[in-house]
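One structure is given here, and the rest of the page talks about it.
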Amino acid sequence: GQNIDQPTEMTATEGAIVQINCTYQTSGFNGLFWYQQHAGEAPTFLSYNVLDGLEEKGRFSSFLSRSKGYSYLLLKELQMKDSASYLCAVRDSSGSARQLTFGSGTQLTVLP
Amino acid sequence: GAGVSQSPSNKVTEKGKDVELRCDPISGHTALYWYRQSLGQGLEFLIYFQGNSAPDKSGLPSDRFSAERTGGSVSTLTIQRTQQEDSAVYLCASSSSGGAFDTQYFGPGTRLTVL
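Going down the list, the protein sequences come from chains A and S.
Note that the numbering used here has the first sequence beginning at 40, numbered continuously upward.
Note that the numbering used here has the second sequence beginning at 1258, numbered continuously upward.
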């Protein structure tokens, strides 16, 4: 089975930097995904890590340490529109498993 | 190009009734997934289709839930004899091949309310 933990809520100020952490325990590992979900909308893909290290994509970066079962999503130059839930998800490598196991999400509120 | 579409966007039903939820994946995507998102909870995997292979039904919570995918494209999730605990947003996602490194793209979801 898999267990994914991330903080429930975070608050940050417009223009600042925020780091959302995710820890996971899994019997197999085939990648970690971050999604953004605005209230009432579908999750949208942000980033994917399968190897250790940092993946940068504009204002968003994602880091992975497989040995520590740890990832973070870094958001720079925060904007009001970044207020959303951020979902950490892990893909299992066992058998035919292709589904993602999601954490409960971190609700980020960006204040002016 | 068009993304994943789902219908209806909202469904209100009475306890004990059957409901059908529809998903149209991105054209050309062979893998299709159903998830459920209850209030304040993470997404919960339900079922996975890949091409003509037998679906992975390991996430279906009970035998009241079933899904089919006709012609390798459109999928229907059916919930029989709905219960109040079935109330949730049902999300469909598709990916190009279902490979280990595939990105899943989600539809807008169907919000199901069982009264």
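Built from N, CA and C at the ideal position, the CB exists for glycine as well.
Remember, it's a predicted structure, so these values are computed and weren't measured experimentally.
Check: In DSSP terms, what S:THR1367 is bridged to; Outcome: S:TYR1347
Check: Beta carbon of S:PHE1302 nearer than 8 Å to that of S:ARG1326; Outcome: no
Check: Backbone secondary structure at A:ASP121 - three-state DSSP; Outcome: helix
Check: Euclidean distance between Cα positions of S:VAL1261 and A:SER143; Outcome: 23 Å
Check: N-terminal and C-terminal residue of the beta strand (DSSP E) that S:ARG1279 is part of; Outcome: 1276 to 1281
Check: Contact list for S:TYR1362 against chain A, beta-carbon separation under 7 Å; Outcome: PHE84
Check: Same chain, Cβ closer than 8 Å to A:MET119, neighbours up to 5 away in sequence not counted; Outcome: GLU53, VAL149, PRO151
Check: A:SER110: contacting residues in chain S (beta-carbon distance under 8 Å); Outcome: Here the premise fails: no neighbours, minimum Cβ distance about 15 Å.
Check: Distance between S:LEU1296 and A:TYR161 (C-alpha atoms, nearest Å); Outcome: A question about residue 161 of chain A goes unanswered here, because the residues of chain A that appear run from 40 up to 151.
Check: Proximal residues of chain S, C-beta to C-beta of A:PHE141 below 7 Å; Outcome: GLY1299, LEU1300
Check: Beta carbon proximity, A:GLN75 to chain S, threshold 8 Å; Outcome: no
Check: Backbone secondary structure at S:SER1337 - three-state DSSP; Outcome: For clarity, residue 1337 of chain S is Gln in the given sequence; the question names Ser instead. Note: S:GLN1337 maps to coil in three-state DSSP.
Check: Own chain residues within Cβ distance below 6 Å of A:ASN42, not counting five before or after; Outcome: GLN64
Check: C-beta contact flag for S:THR1367 and S:LEU1278 at 8 Å; Outcome: yes
Check: Same chain, Cβ closer than 6 Å to A:GLU48, neighbours up to 5 away in sequence not counted; Outcome: GLN146
Check: Under the three-state DSSP convention, the category A:GLY70 falls into; Outcome: coil
Check: Local conformation of S:LYS1327 per DSSP, three classes; Outcome: Looking at the sequence itself, residue 1327 of chain S is Thr, so the reference to Lys does not match. The answer is helix: DSSP assigns S:THR1327 an H, G or I state.
Check: Contact belief for A:LEU139 with A:SER110 at Cβ below 8 Å, rounded distance in angstroms; Outcome: Actually they do not touch by this definition, with Cβ atoms about 13 Å apart.
Check: Positions along the segment 1272 to 1289 of chain S whose CB lies within less than 7 Å of some CB in chain A; Outcome: ALA1288
Check: Members of the segment 1332 to 1348 of chain S that neighbour chain A once the beta carbon cut-off is set at 7 Å; Outcome: LEU1348
Check: Inside the segment 1295 to 1321 of chain S only - alpha helix (DSSP H) runs reaching at least 4 residues; Outcome: none
Check: Sufficient close CB pairs (3 or more, under 8 Å) joining the segment 1344 to 1364 of chain S to the segment 1280 to 1294 of chain S; Outcome: yes
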